[in-house]
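Residues 1 to 360 (full-length UniProt numbering) make up the sequence shown, in order. No residue lacks a Cβ here, since even glycine has one placed at the ideal position from N, Cα and C. All values reported here derive from a predicted model rather than from experimental measurement.
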Amino acid sequence: MTEPLRWTLADGREQLYFSLPGHTPAPVGDRRPLPPRGNQQSELRFDRQTGQWVVIAALRQDRTYLPAADQCPLCPGPTGETSEVPAPDYDVVVFENRFPGLSGGGEFTLPDTAGAEFLSAPGHGRCEVICFSSDHTGAFSQLPLPHARLVVSAWRHRTTDLLSRNGIEQVFCFENRGEAIGVTLNHPHGQIYGYPYLTPRTEQMLRVAGEHRARNGTNLFADLLARERADSVRVVAQTDSFTAFVPFAARWPVEVHIYPNRFAHSLLDLDDSELDEFTEIYRDVLQRFDRMYPTELPYISALHQYRDSERQREGYFHVELMSVRRSENKLKYLAGSESAMDAFISDVTPESVAQRLREV
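Here you go:
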């Protein structure tokens, strides 16, 4: 992949255009009267009850919320006066979020959490938006394979860049699709976060994986993958290099994990042929999601990536796809047990969901 074209928006935010062969991006000047970004940085506050960092980002209250299609800020804006993407067209574009939960550059060290006092820190990090296509009515599942592969290349590029930055501990690429999930813009897009700390779920999985290594001398994720492949009853799709399956203890009504069949920490560890296969199976699973019901399935797509470091060495790259829809016209709400106790109760069996996804 060639390097993206770099551009600058009216308020100084960085923008990158990733393009298919033969398509040269032609952005124009961003002429919107945007206010300067100023000092509205978010704040990290440490929750001593849970040992977790919480991001307080009040500036996000004013972000754009479900605009009409003709006012979508992610559609091309050829005049440079209406859109976050001041260009007549584009393939894939990435830019800094105008309403970020995390922002700022320069030197940063997360403060020591020892003690009992209230503890806070600047909301250091990076939040980016990635638009998968200029087509407002499209979806990742509908992208031609070369275009979908370009999105994967953009994810890989941004992961490399953000991991190299000071104070970034973890890079998280994800997509929220559907108003039932909570999207505020319907244009097909995802987000990329650079966190200054390990997120709670990542930290928990690494802790459990470390305990498994101490007991058994093997990698937890590799062992689970081998068992799922051997059982096969929950496998949804396979290629030579990847396996997609509904996990044995799935928490969501629809949940699929995609793993490379060999160990890798992140997209950075996969070669070109593996990235091609990853694109194929990822799109295949999303197309199966689309065929489950007459209307589109709302979902979250989460890429779990890890640094090649001592602290994260047990982390095994994988994607977790999940949906709150438990039937054609019913949603799974995270109510008391799930939200208050983090104790999930599933209304469907993982085996039945896997069978349904294999057959659609």
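Check, Outcome
"Evaluate Met322 with the Cβ neighbour count: other Cβ atoms within 10 Å of its Cβ, from every protein chain shown; 16 or more gives buried, anything less gives exposed.", "buried"
"Where does Val360 land, buried or exposed, given buried means 16+ other C-beta within 10 angstroms?", "exposed"
"In three-state DSSP terms, what is Arg158?", "helix"
"With a threshold of 6 angstroms on Cβ separation, who are the neighbours of Asp89 within its own chain once the five nearest residues in sequence on each side are excluded?", "Pro76 and Ser134"
"Please list the terminal residues of the continuous alpha helix (DSSP H) segment that includes Glu351.", "Pro350 to Glu359"
"Can you tell me the Cβ-Cβ gap for Tyr195 and Glu175, rounded? I've got them flagged as a contact below 8 angstroms.", "Actually they do not touch by this definition, with Cβ atoms about 17 angstroms apart."
"As an exercise, report each continuous alpha helix (DSSP H) stretch of at least 4 residues that is fully enclosed by the stretch 240-328, in chain order.", "272-291"
"Residues bridged to Lys330 by DSSP?", "Ser327"
"Rank Pro146, Ala244 and Arg158 by C-alpha distance to the C-alpha of Ile130 and give the top, closest one.", "Arg158"
"Our contact map puts Arg31 next to Gly80 with C-beta atoms below 8 angstroms; I'd like the distance itself, whole angstroms only.", "4 angstroms"
"Does DSSP classify Ser337 as helix, strand or coil?", "helix"
"For the stretch 341-349 against the stretch 189-204, do three or more pairs of beta-carbon atoms, one drawn from each stretch, fall closer than 8 angstroms, so that the two count as touching?", "no"
"What number of angstroms, rounded off, separates the C-alpha of Leu297 from the C-alpha of Gly115?", "46 angstroms"
"Considering only C-alpha positions, which residue in the set Pro27, Ala58, Thr8 and Leu20 is nearest to Leu34?", "Thr8"
"Return the first residue and the last residue of the beta strand (DSSP E) that Gly178 is part of.", "No beta strand (DSSP E) contains Gly178, which DSSP labels as neither H nor E."
"Taking the alpha-carbon positions, what's the Phe244 to Gln238 distance?", "Note on residue identity: the sequence assigns Ala, not Phe, to residue 244. Going from the Cα of Ala244 to the Cα of Gln238 covers about 6 angstroms."
"If we ignore side chains and look at the alpha-carbon of each, how far apart do Pro78 and Asp91 end up?", "14 angstroms"
"Among Ala264, Glu3 and Leu110, which residue has its Cα nearest to the Cα of His304?", "Ala264"
"Tell whether a beta-carbon distance below 8 angstroms holds between Gly138 and Pro188.", "yes"
"Is it right to say Ile258 is buried, meaning 16 or more other beta carbons lie within 10 angstroms of its own, or is it exposed?", "buried"
"Give me the residue from Leu5, Arg201, Asp62 and Arg307 with the minimum Cα distance to Gly51.", "Arg201"
"From Ile300, Glu320 and Leu119, pick the residue whose C-alpha is nearest to that of Trp53; which is it?", "Leu119"
"Rounded to whole angstroms, what is the Cα-Cα separation between Cys72 and Ala121?", "34 angstroms"
"Beta carbon of Glu280, beta carbon of Leu150: below 8 angstroms?", "no"
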